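Residue 615, in full-length UniProt numbering, is where the sequence shown stops; the numbers in between run on with no holes. We treat Cβ as the ideally placed atom computed from N, Cα and C, and that holds for glycine. As the structure is a computational prediction, the values presented were derived from the model and not from experiment.
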Amino acid sequence: MSSRAQIILDLITKDKNNDTIRKKGTVENLNYENNIMVTTTPVIEEPERNEESPMPVDADMDAIDRMMNLLSDSDVGDNNIRQGLESEIILNFDTNSEDALNVSNIEENGTKNGEPYQLPESIEDNNNQLNENNTPIPSPECATNHLDYDCSNDFCPCEQFVYTALEKLDTTSGLIEMDQRGRHDNHRKVITEDVIKSVCDHIKSIQPVESHYTRSRSDKRYLDGDLNFHRLFDLYKEWFDEQVYSSIANTERQYRDIVNEHFKLSFHVPKKDQCDKCHIYKNKFTPTLVETQLHESHLRNKNLARTRKLLDKEAAKSSNGKILTATFDFQKVLNAPHGNLSILYYKRKLSVFNFTIFNLVDKEGTCFMWHEGQGKRGANEVSSCLMKFISKHKDLGANEFRFWSDNCVGQNRNRIVYAMYMYAAATCQVSIRHCFLEVGHTQNEGDSVHALIERSAKNKLIYTPQEWYCLVRWAKQDGKPYIVEEMQYTNFSNFKLLLQGNWIKSDNGDKVQWNKIKEVFVKSENPNKLYYKYDMASNDYNVLSVKKNTRRQCSTDSSVSVEPLYQSNLPIPKAKKDDLINMCNSEIIPSGYHNFFTNLPSVNVSDNDPDSDLD
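Set out below in structure tokens:
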């Protein structure tokens, strides 16, 4: 039997002498004797039967007949409504279930399963009652609890559900009036224009991360990777000013919905561990044959690069120091000051750079560090750090260098770096080979250096670049500590001046496709030639002769001198310096560091951090 039919049956089963049904609350005016329900329905005797014997179908039909009699004796309205209720009972009454027997027992002798059935006077009166075993009597959750009915799989309505439906019943048509929820004009607008303005102003007040990786490839606004929407909402509640805005976003959900609607916002996390090509291919339901072949080639290149890097590492181990295999990469931009203070998210900060070269054999990390007032982070800065590293280890006995890196064109894979390799091969008499990891799979051993530095800086307040240098030196507790090379503006050279001669066509007349190069190689005995490959699996190199060996032009790059890249410290944007001075004046930055920030030169330009030396 459905729960609705049972509720109706419960409400219309009453003493013939009582004709009132309470409009609200629990059913009243039923006859009780010692809290035992007694009905005046005539008892219809049935033949005795064993508990194990099946119940005759006639008994089920008799139970339905008795229910119909009760319905006809009740005051339920006109005939149309009564007929509808009768149909509901017949259609929903399962003659094969035990409902018929249970209803029959309750109607005839006020028992259920052979035990006296008790109803509390009200739901409230039952809260503290105990049965004969001194255990609490369960409170009825709906009007059908006195039936042997499992309502766990139904909506289990209460009495109020039925009374509300009866109040809305049109006795003429037998229909219930239409639901008016959501159809009125008195809608309270929770998210007002003032709420939207406050959220948008808060997002605009937070400084985005300074990263050329994201700025050049996306129009999204990237915030610090330490932030998330939960943290942003907490900052918003602290930032909100009741004197400026009349309404506030009350929940994190409202805040997030407004941000997602009005901004292309993301939290900056380095994407080195994510491969776009693999992700796109994985999401294709039925990739074409060409797409499958391209993906398989991509995976082969990934595995080949990793295998080659491992072979280079083994060759360096067995070379007795003659071969040095290393990876290099920039760490994400560090900030000074750095910490968990909420105000730091709203202020521009000084950028600190860390270019790391990691020796795969000795597991030695060398960190070339400087701040934005001393240099940028383009190809000239990378070349200067590599040149300093090569010169140092040449003096220690290395004569061949094998470098591995990602494919960043502005920093690693460009003609300025290749020109520096040729210059180093001539001046230091070394051979240099540089291989590029497959795009999307550029994870390397040097990432562990950056991860350890970031863990060491967590929950620490760092105010100046010098404090960053100290933290990096002491970040590694076991093994060799990281070597920190503090770069000054005088340490950077302009290797772009070496881009003279032929850098367009190879010796076989083909135009050089710089963005597709997978490997470059220069030899000490012939530093004017650049050997390169488009496919790492190929055995043959393409050759680019930058300078022709003629009598008039027989000099090598060893006779060419490079000039300093900068003549003085670089000015930082004036808006950034204003924020730094403001933090000094408010004592966010302790007074001992004020002179450093006060003496930084500044210029009234945009504080966007463009790439330098993109070629």
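Between the Cα of residue i and the Cα atoms of the options, which residue gives the shortest distance?
i	options	result
residue 540	531, 546, 595	531
residue 432	386, 439, 411, 275	386
residue 240	203, 224, 496	203
residue 473	479, 484, 466, 465	484
residue 508	297, 488, 480, 542	542
residue 566	493, 238, 290	493
residue 603	330, 588, 576, 595	576
residue 436	430, 412, 314	412
residue 491	259, 381, 228, 466	381
residue 393	374, 379, 418, 325	325
residue 349	169, 373, 282, 310	373
residue 502	528, 434, 314	528
residue 404	398, 309, 244	309
residue 514	586, 415, 569	415
residue 444	401, 330, 481	330
residue 195	173, 244, 595	244
residue 389	480, 238, 365	365
residue 359	428, 447, 378, 284	447
residue 260	192, 332, 229, 184	229
residue 425	526, 569, 546	526
residue 578	311, 561, 600, 564	600
In the DSSP assignment, find the unbroken alpha helix (DSSP H) run with residue i in it and report its ends.
i	result
residue 261	252-262
residue 240	Element bounds for residue 240: n/a, residue is neither H nor E.
residue 222	Unbroken run through residue 222 is the beta strand (DSSP E), 221-223; no alpha helix (DSSP H).
residue 303	289-317
residue 487	No alpha helix (DSSP H) contains residue 487, which DSSP labels as neither H nor E.
residue 200	193-205
residue 367	Counting along the chain, residue 367 falls outside any alpha helix (DSSP H), though it belongs to the beta strand (DSSP E) covering 364-371.
residue 574	574-585
residue 166	159-167
Note down, in chain order, each residue of its chain lying with its Cβ closer than 7 Å to the Cβ of residue i, except the 5 sequence neighbours on either side.
i	result
residue 221	208, 263, 264, 265
residue 504	511, 512
residue 469	369, 484, 486
residue 343	588
residue 506	512, 542, 543, 544
residue 479	363
residue 182	none
Excluding sequence positions up to five away, which residues of its chain have a Cβ less than 8 Å from the Cβ of residue i?
i	result
residue 598	581, 584
residue 287	281, 295
residue 317	361
What residues match up with residue i in a beta bridge as DSSP calls it?
i	result
residue 457	None; residue 457 has no bridge partner.
residue 400	323, 431
residue 542	532
residue 564	493
residue 342	None; residue 342 has no bridge partner.
residue 391	DSSP, once it has assigned bridges, lists no residue as partnering residue 391.
Could you check where the beta strand (DSSP E) with residue i kicks off and where it finishes?
i	result
residue 357	350-359
residue 336	334-336
residue 285	Taken as a continuous stretch (DSSP letters only), residue 285 belongs to no beta strand (DSSP E), as it is neither H nor E.
residue 527	526-533
residue 265	265-267
residue 519	519-523
Could you check what DSSP says for residue i in three-state terms: helix, strand or coil?
i	result
residue 514	helix
residue 592	helix
residue 597	helix
residue 630	Outside the shown range of the chain (1 to 615) lies residue 630, about which nothing can therefore be said.
residue 386	helix
residue 226	coil
residue 120	Low per-residue confidence applies at residue 120: pLDDT is 49, beneath 50, and the placement is therefore not dependable enough to give any value.
residue 447	helix
residue 472	helix
residue 248	coil
residue 380	helix
residue 329	strand
residue 439	coil
residue 603	strand
residue 405	strand
Once the 5 residues before and after residue i are set aside, which same chain residues still bring their CB inside 6 Å of it?
i	result
residue 277	298, 440
residue 301	438
residue 463	337, 589, 593
residue 407	413, 436, 439
residue 305	437, 438
residue 335	349
residue 475	452, 453, 456
Less than 6 Å between the CB of residue i and some heavy atom of the ligand NAP, yes or no?
i	result
residue 604	This structure lacks the ligand NAP, and indeed carries no ligand of any kind.
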